[in-house]
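Which chain is which? The protein sequence lines are G and U, in order.
Per the numbering used here, numbering through the first sequence is continuous, rising by one, with the last residue being 445.
Per the numbering used here, numbering through the second sequence is continuous, rising by one, with the last residue being 307.
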Amino acid sequence: MLDSAKNMKTSLIRDEGIIKSASVLTDEQVRKVINDVLKNETGARLKTYVDTCVHCGLCSEACHYYLSHDKDPSYSPAGKVKQTMWEMIKRKGDVGTAAIQRMSEIASTECNLCRRCAMYCPLGVDIAYIMLVVRRICNKLGVTPTYIEDTSHSHSVTMNQMWVKDDEWIDTLQWQEEEAAEEIPNLRIPLDKEGADFMYSVIGPEPKFRAQLIYQAAVIFNAAGLNWTMPSSPGWDNSDMAMYTGDHEIMGRVKKVHFETAMRLKVKRIVMGECGHAFRSVYDMGNRWLGWKMPPLPMVHSIEFFHDLIKEGKLKLKKKFESPVTLHDPCNVVRGRGLHEMARYIVGESCEEFIEMHPNREHNYCCCAGGGVINCGPPYRNTRVDGNRIKAEQLFAAKSRGAKTIIAPCHNCHGGLEDIVEHYGLHMDIKFFGDILYDLIEKPE
Amino acid sequence: MFKKILFATTASPASDNAAHVAFDLAKKYEAELKVFHVFGLPSRGFSTTVKDVRTGEEMANDQDYTNWVLEEMKNTYEKQSENVKSLDFQTLAGVPHTEILREARKYDADLIVMGAHTREEDVGASRYRNVIGSTMQRVARGAKCPVLIVSRPCTTCFWYFSNVVFGTDFSKASDSAFKFAFRVSNFIGCKLYLFHCLDMSSIASGKTFSQEEVEEQIQKAKEKIEKRYVSQMGDFDNYEVEVLEGIPYIEIVKYSRRVNGDLIIMAHHAKEIDPEKALLGSTVEQVVLRASCPVASVNRPDKVEEE
């Protein structure tokens, strides 16, 4: 293991955002920012974690990076903390500008904040929290990977992740409404309908790249006869990359707009699309940064929402999905919210044959795209694909028992698994619950 | 005939043949022409860089680069731009098929012109090959207006077309394709060939037909063409009906060759299997790959009704 931050290996990837920002920093600035954050923002939580960790190493086996790199200890959760936060504390912030680059890389791209390690720590240390503090320190120093920082800027300027302009958003909804109305006459995507039962919010990439998903959701809601709406104003995007850069100030602004939009529309609750990190932001981190212990109005993830619709008989399926499926449990809605049994209920109702991957539920391996890692962009593609060989092995085992389709109810998981399936030649399909239900439900003539 | 034409270009030599047709059409019909180029994004994580089509290098996706691409597009098409009534160039970053469909709707285009697979010898061809192929299919499937796909040099030009081949499978989408085929033939005053192929591939038929059955079905299909299409053509009598048995995409190409077809018009079905999943692609794609003439895909009635 590395003894000194000053001797730490340099960054593995050339990321202009990290290199350029670090080139104008002084060691003194690094020291000051580290100490400011540690002193003013971390409090008892970090101190408890640091003081209680007994260096037992039980967290190692939890981490997909560690397992995928032949148990290289520098990839174990404790090892990653040792290379970052422990150095910062031990040296009282005096780690220097060279080390801070590698620390940013470790925290931003070699940890998905998936919290699988927290399941294995006998003392309950939340290592994801520690890595987030490291990210925040790096972000305050401007040393954050370029791509995700750009995304965070988009949040700041437009209140959405993809620089989608206000008129483009409305235009996309109208476009998808027209398309869907060809299949189901009189179908509407109701904009700004005050007092609707729920506001449906999505992530920025949907209108930009995957407008079809909005179409599918509209058809499903229509078939279930629901009273719903989407906002015409900023606040429609529930995603949040600022949460993952550690820029809590932007995170707070973005979440505030999202909640306030729902309140302005006087809806009874928010229903979120199949995205995991957005759920973490709305349900756990953003609301708490804003001072609400729980979200200020009821909100559910699509898994819970679909589960209820099927259970209550509002969605009727005309047949079951025939090809054998396996289910990938996304960290943020399973370890973060416990929706795994509801997801299995939907699978049971909608699919002929279900093959569990192992491990599963709260012990499932991460997709390696989440935690903002995929949003750090192409420079880190190999980091996350090579860094998740264990996932390929897990999927292959499910495939060898017959699974052909992977259901992954999370956008980041989709992106990560697509790359893994392609890189390791697994030839498996990846679907959202929305894809499956859209095909199977009884639609009005 | 056409008022607004959207030419979706790869901004590379791969689209030269399509460009030729697009500009010619715009001049002939005094239509507005929009030259539209989407540069693909490298990955799902939204990026600040794009890959330059010509050099394959990473470029910063900013206003300077966009302006430079626009300037390059204008230069490339400078000569052909003369005498076009109204010409506009636009470029942006995104998923090509999504942005083309979005723009076609916004612009209210009544014809989209695009190339198909890029040629091997182009710089970046191998990289773009799959993208362009699936872009073409996805646009053809989703567009509300006819999509003219030009993958080879077009020896004739649109108003010189003398033999239009309409291929049908009697679907609802084919009705729209027929409307367009008839309108074009009637407008130009050329011959219209109405063609259907009895699908004999074992996958489709599931069994071996006796010759009597084949002939019986051919007769039925001919009657269907008379009833469904010919009855709508009024005084127009410059047409021929043909039904053959075989593999549809092969037979339509062979038939077109036999009658010197210079434009094939057919439907690309909305409900067809996801083009990314289908190994061989749809009939339309197979025809585009094999035919020596342009192929127009029409899926919906919106833009093909008589005015």
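By construction, the Cβ of each residue, glycine as well, lies at the ideal position given by its N, Cα and C atoms.
Taking only beta-carbon positions, decide if G:Lys208 is within less than 8 Å of chain U.
At least one chain U Cβ lies under 8 Å of G:Lys208.
For U:Gln286, I'd like the list of residues in its chain whose CB is within less than 6 Å of its CB, leaving aside the five on either flank, ordered along the chain.
Same-chain partners within the cutoff: Tyr249.
Would you call the stretch 235-248 of chain G and the stretch 123-142 of chain G in contact, with 3 or more CB pairs under 8 Å?
These segments touch.
So is U:Phe187 buried or exposed if we call it buried at 16+ other beta carbons inside 10 Å?
Per the 10 Å Cβ criterion, exposed.
Are the CB atoms of G:Arg389 and G:Ala369 within a distance shorter than 8 Å?
No. Outside cutoff.
Taking 8 Å as the threshold (beta carbon to beta carbon), is U:Val95 in contact with chain G?
By this cut-off, U:Val95 is an interface position.
When DSSP builds the beta bridges, which residues end up paired with G:Leu327?
Looking at the DSSP assignment, G:Leu327 forms a beta bridge with G:Ile407.
For the candidate residues G:Lys47, G:Asp439, G:Ser239, whose alpha-carbon lies nearest to that of G:Asp126?
It is G:Lys47 whose Cα lies nearest to the Cα of G:Asp126.
Are G:His358 and G:Ala408 touching if we call contact CB-CB under 8 Å?
It is not a contact, given that the beta carbons lie outside the stated cut-off.
Near G:Val316, what residues of its chain come up, given a Cβ to Cβ distance below 6 Å and the 5 sequence neighbours on each side ignored?
Residue identity differs from the one stated: residue 316 of chain G is Lys in this sequence, not Val. Answer for G:Lys316: Glu442, listed in chain order.
So G:Ser350 is in the alpha helix (DSSP H); what residue range does that whole segment cover?
From DSSP, the alpha helix (DSSP H) with G:Ser350 extends over 340-350.
From this set, G:Phe221, G:His69, G:Leu290, which residue's C-alpha is nearest G:Leu187's C-alpha?
Answer by Cα proximity: G:Phe221.
Helix, strand or coil: which one does DSSP assign to G:Ser233?
Here G:Ser233 sits in coil by DSSP.
Does chain U have any CB closer than 8 Å to the CB of G:Ala211?
Yes - at least one Cβ of chain U is within 8 Å of the one on G:Ala211.
Step through the CB atoms of chain U and report whether any lies within less than 8 Å of the CB of G:Trp175.
True, the Cβ-Cβ gap to chain U drops below 8 Å.
Got a sec: is the Cβ-Cβ distance from U:Arg105 to anything in chain G below 8 Å?
Closer than 8 Å to some Cβ of chain G, the Cβ of U:Arg105 qualifies, so yes.
For U:Thr208, which residues from the same chain have a beta carbon less than 6 Å from its beta carbon, with the 5 sequence-adjacent residues on both sides left out?
Excluding positions up to five away in sequence, the list is empty.
Quick one: grab the DSSP three-state call for G:Trp228.
DSSP places G:Trp228 in strand when its eight states are reduced to three.
So, with DSSP's three-state summary, where would you put G:Met199?
Strand at G:Met199.
Using the rule of at least 16 other Cβ atoms within 10 Å of the residue's Cβ for burial, across every protein chain shown, is U:Pro153 buried or exposed?
With fewer than 16 other Cβ atoms within 10 Å, it is exposed.
Whose C-beta lies closer than 6 Å to the C-beta of G:His69 among residues of the same chain, with five residues either side of it excluded?
Result list for G:His69: Tyr75, in chain order.
Give a yes or no on whether 8 Å exceeds the smallest Cβ distance from U:Arg102 to chain G.
Yes, U:Arg102 counts as interfacial toward chain G.
Check the C-beta distance from U:Val147 over to U:Ala296 and give it rounded, since I have them as a contact under 8 Å.
Their Cβ separation, rounded to whole angstroms, is 7 Å, which keeps U:Val147 and U:Ala296 in contact under 8 Å.
Starting from U:Tyr239, trace the beta strand (DSSP E) in both directions and tell me its first and last residue.
Residues 239-246.
Just verifying my parser: in three-state terms, what is the DSSP assignment at G:Cys376?
If DSSP states are grouped into helix, strand and coil, G:Cys376 belongs with the helices.
Between which two residues does the alpha helix (DSSP H) containing G:Asp166 stretch?
Where G:Asp166 is concerned, the enclosing alpha helix (DSSP H) stretches over 166-183.
Is the beta carbon of U:Leu25 less than 8 Å from the beta carbon of U:Ala31?
Contact flag set, yes.
List, in chain order, every chain G residue whose beta-carbon is nearer than 7 Å to that of U:Thr98.
The contacting residues are Phe209, Ala211.
Mind pulling the alpha helix (DSSP H) runs of 4 or more residues that sit fully within the stretch 32-91 of chain G?
DSSP runs (the alpha helix (DSSP H)) wholly in the stretch 32-91 of chain G: 43-52, 64-68, 77-81, 87-90.
Could you tell me the distance, in whole angstroms, from the CA atom of U:Gly142 to the CA atom of G:His307?
When rounded, the distance between both Cα atoms is 31 Å.
Taking contact to mean 3 or more Cβ pairs, one atom from each stretch, closer than 8 Å, check whether the stretch 272-288 of chain G and the stretch 330-337 of chain G are in contact.
Judged by Cβ distances under 8 Å, the stretch 272-288 of chain G makes contact with the stretch 330-337 of chain G, as three or more pairs qualify.
Would you call the CB atoms of G:Glu352 and G:Glu312 closer than 8 Å?
No. Outside cutoff.
Among all the DSSP beta bridges, which residues are the ones paired with G:Asp308?
Per DSSP, none; premise fails for G:Asp308.
Taking 8 Å as the threshold, find out whether the stretch 78-94 of chain G comes into contact with the stretch 394-409 of chain G through three or more Cβ pairs.
With the cut-off at 8 Å, the stretch 78-94 of chain G and the stretch 394-409 of chain G do not touch.
Around the Cβ of U:Phe236, are there at least 16 other Cβ atoms within 10 angstroms (buried) or fewer (exposed)?
Classification for U:Phe236: exposed.
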